[in-house]
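J.:
Number of protein chains: 2
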Amino acid sequence: MNVQSIEADDKRAAIFTATVELIAEKGFHGAPMSEIAQRAKVSVGTIYHYFKSKDDLIMKLHVDIKTRFAEALLVGDDEGMEPYQRFYNLWRNMVKHLASNPAERAFISQFDNSPYEKTCGTDQHFATFARTVVFIQYGIDNGMLKPLPVIVIMEATLALANAVTRLESIGLTIDDEMLKTTCRMAWDAIASHE
Amino acid sequence: MNVQSIEADDKRAAIFTATVELIAEKGFHGAPMSEIAQRAKVSVGTIYHYFKSKDDLIMKLHVDIKTRFAEALLVGDDEGMEPYQRFYNLWRNMVKHLASNPAERAFISQFDNSPYEKTCGTDQHFATFARTVVFIQYGIDNGMLKPLPVIVIMEATLALANAVTRLESIGLTIDDEMLKTTCRMAWDAIASHE
DNA sequence: TCTCATAGAATGAACGTTCAATCAATAGAA
DNA sequence: TTCTATTGATTGAACGTTCATTCTATGAGA
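Sequence order for the protein chains is A and B. Letter by letter, the first sequence follows residues 7 to 200 in my numbering. Letter by letter, the second sequence follows residues 7 to 200 in my numbering.
#1: Alpha carbon to alpha carbon, how far is A24(A) from N8(A)? Give it in angstroms, no decimals.
#2: Is S11(A) close to chain B, meaning its C-beta is less than 8 Å from at least one C-beta of that chain?
#3: Pull up the distance between the alpha-carbon of C189(A) and that of M100(A), whole angstroms please.
#4: Which one or two residues does DSSP pair with A109(A) in a beta bridge?
#5: Alpha helix (DSSP H) containing A169(B): first to last residue?
#6: I want to know whether the region 121 to 134 of chain A touches the region 65 to 79 of chain A - three or more CB-CB distances under 8 Å.
#7: Just checking: is the beta-carbon of Q143(B) within a distance shorter than 8 Å of some beta-carbon in chain A?
#8: Near S175(A), which residues of its chain fall below 6 Å by C-beta distance, leaving aside the five closest residues on each side in sequence?
#9: Tell me which residues of the region 72 to 96 of chain A have at least one Cβ-Cβ distance to chain B shorter than 9 Å, keeping chain order.
#10: So F34(A) contacts chain B; which residues on that side make the cut at Cβ distance below 7 Å?
#11: Runs of 4 residues minimum, wholly inside the region 33 to 89 of chain A: which ones carry the alpha helix (DSSP H) assignment?
#12: Alpha carbon to alpha carbon, how far is L79(A) from A46(B)?
#13: For a test of the three-state rule: what should DSSP assign to S11(A), helix, strand or coil?
#14: Whole angstroms are fine: how far does the CA of Q44(B) sit from the CA of F57(B)?
#15: Return the chain-ordered list of same chain residues with a C-beta closer than 8 Å to the C-beta of S198(B), the five sequence neighbours on each side being excluded.
#16: Alpha carbon to alpha carbon, what distance is there between T52(B) and A192(B)?
#17: Note down, in chain order, every chain B residue with its Cβ under 9 Å from the Cβ of L154(A).
#18: Just by C-beta distance, which residues in the region 167 to 183 of chain A are closer than 8 Å to chain B?
#19: Would the beta-carbon of L178(B) fall within 8 Å of that of P155(A)?
#20: Applying a beta-carbon distance threshold of less than 8 Å, which residues of chain A neighbour S49(B)?
#21: Buried or exposed: where does Q91(A) fall if 16 or more other Cβ atoms within 10 Å of its Cβ makes it buried?
#22: Would you kindly check if the distance between the Cβ of V50(B) and the Cβ of A20(B) is under 8 Å?
#23: Kindly indicate which three-state DSSP category L151(B) falls into: helix, strand or coil?
#24: Would you tell me roughly how many angstroms separate the C-alpha atoms of E161(A) and A167(B), rounded to the nearest one?
#25: Can you tell which of A76(B), A30(B) and G86(B) has its C-alpha closest to the C-alpha of Y144(B)?
#26: Just checking: is the beta-carbon of H199(B) within a distance shorter than 8 Å of some beta-carbon in chain A?
#27: Just to make sure I have the definition right: I need the residues of chain A whose C-beta is within less than 8 Å of the C-beta of A195(B). Which are they?
#28: Identify the contact partners of E161(A) in chain B, using a Cβ-Cβ distance below 7 Å as the criterion.
#29: Is any beta-carbon of chain A found at less than 8 Å from that of Q116(B)?
#30: Within the 8 Å Cβ cut-off, does H131(B) reach chain A?
#31: What's the C-alpha gap between A37(B) and E200(A)?
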């Protein structure tokens, strides 16, 4: 990778950062290209050099954020762990990642609840979270988790993590105790209790 | 109430319906006043006769939807019921209401995850769901529910109901069995299991 | 020289909002 | 009853702004 493309990546990253922050603060409306450019310290023209359109920028940003999120979940993951320990690790990774990236959390919430979401297939969603999906499927097959579709278990867990971290951004403190109790909450939701 | 104001309420309701549908379909961006007017079969000017601005329209619409949602939850509610039965009733009301009003569900999701949400205080939120809040607080005080802040329990339940009904709009079938299992999911999440 | 990166002015469409002009209904006076 | 004044509801064209996007020019490697 040469000097030019490193610099190019800098701009790209700056545009991503500016966009995610602006959308988190002011929503999809309220994030014009001119302001994105200003915040990223590039010109409007430069954005169009890297992205076909505003929609293209938002889609690529979404993939980027989701990919890094999915990766963050797997830190310290090990198939050999006790199921609950493994889930706790997953939960902690999830909450920590969302809590320390509030703009990304807000962006995801807005994106996933907007009409944009319908442009991404469930397949891609499953592919990004492949390893987590396998973990869940395994749990269902063994009667450890509730007999629900994988997607329900997955979306339920994500919804809870999102709810908890959203509350953090408006005043809730997430210490170790809170992490433990909320993890129990999420686990109890999906575990079969047989 | 005279003939004029009945007709006036018709227009108001038509504007509300058009707005909620359009925003559910195309998001906050993608719902211009001109299109709202067209769908509501009124002129643009008429909207401004009833609402100060687009923001005002959206805020008032939000209050309207949340109020009717909170009311729907209480159908058949009775303090004398067994706690789980009472929760089941609450859950069913919640899921049925959201599932049969998909546009309102989509609107709420988008609103609550957007910067608009920050303009509504938590107080108002609690006031709207007053009776439900009391039920939860009672459950916490009696050790029946997990020792978490009321708002966490409440938002967790709402998040789960939203997740489930969102999945319905993309293919999941919610029959009685699904209603029962997902209710168990939500209850297990918040119950203390002691 | 040629290519890619960058800037920022220019463009045209779309937006929220305003406004002068009607229309419909009611009430009171004659 | 009939005429008139008043009010509120309704319209859609017009306005000024802002937006996403394009275009042209410039600069820096290769």
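Here a beta-carbon is modelled for each residue, glycine too, at the ideal position from N, C-alpha and C. From a predicted model like this one, the values you see are computed outputs, not experimental measurements.
T.: In this structure, then:
#1: Low confidence applies to N8(A): its pLDDT is 39, below 50, so where it sits in the model is not reliable, and the reading given next is rough at best. Those two C-alpha atoms are separated by around 25 Å.
#2: Below a pLDDT of 50, predicted positions are generally treated as unreliable, and S11(A), at 49, falls in that range; no measurement from the model is reported.
#3: Straight-line Cα distance between these residues: approximately 10 Å.
#4: DSSP output for A109(A) lists no bridge partner at all.
#5: V156 to E174
#6: yes
#7: So no, Q143(B) is outside the interface.
#8: The beta carbon of S175(A) sits closer than 6 Å to those of P108, all from its chain and outside the five residues before and after it, given in chain order.
#9: none
#10: G33, F34 and H35
#11: 39 to 46, 50 to 56 and 60 to 79
#12: 46 Å
#13: Below a pLDDT of 50, predicted positions are generally treated as unreliable, and S11(A), at 49, falls in that range; the measurement from the model is reported next regardless. DSSP places S11(A) within a helical segment (H, G or I) once states are collapsed to three.
#14: 16 Å
#15: If you ignore the 5 residues before and after S198(B), its C-beta comes within less than 8 Å of the C-beta of G149, M150, L151, K152 and P153, all in its own chain and listed in chain order.
#16: 44 Å
#17: Within chain B, the C-beta atoms nearer than 9 Å to that of L154(A) come from M184, T187, T188 and M191, in chain order.
#18: Listed by position, the residues of the region 167 to 183 of chain A near chain B (Cβ gap below 8 Å) are N168, A169, V170, R172, L173, I176 and L178.
#19: yes
#20: Scanning chain A for C-beta atoms nearer than 8 Å to the C-beta of S49(B) yields nothing, as the closest lies near 23 Å away.
#21: exposed
#22: Going by C-beta atoms, A20(B) is not nearer than 8 Å to V50(B).
#23: strand
#24: 11 Å
#25: G86(B)
#26: True, the Cβ-Cβ gap to chain A drops below 8 Å.
#27: Within 8 Å of the CB of A195(B), the CB atoms of chain A belong to L166, M191, A192, D194 and A195, in sequence order along the chain.
#28: A169 and L173
#29: yes
#30: no
#31: Rounded to the nearest angstrom, the two C-alpha atoms are 48 Å apart.
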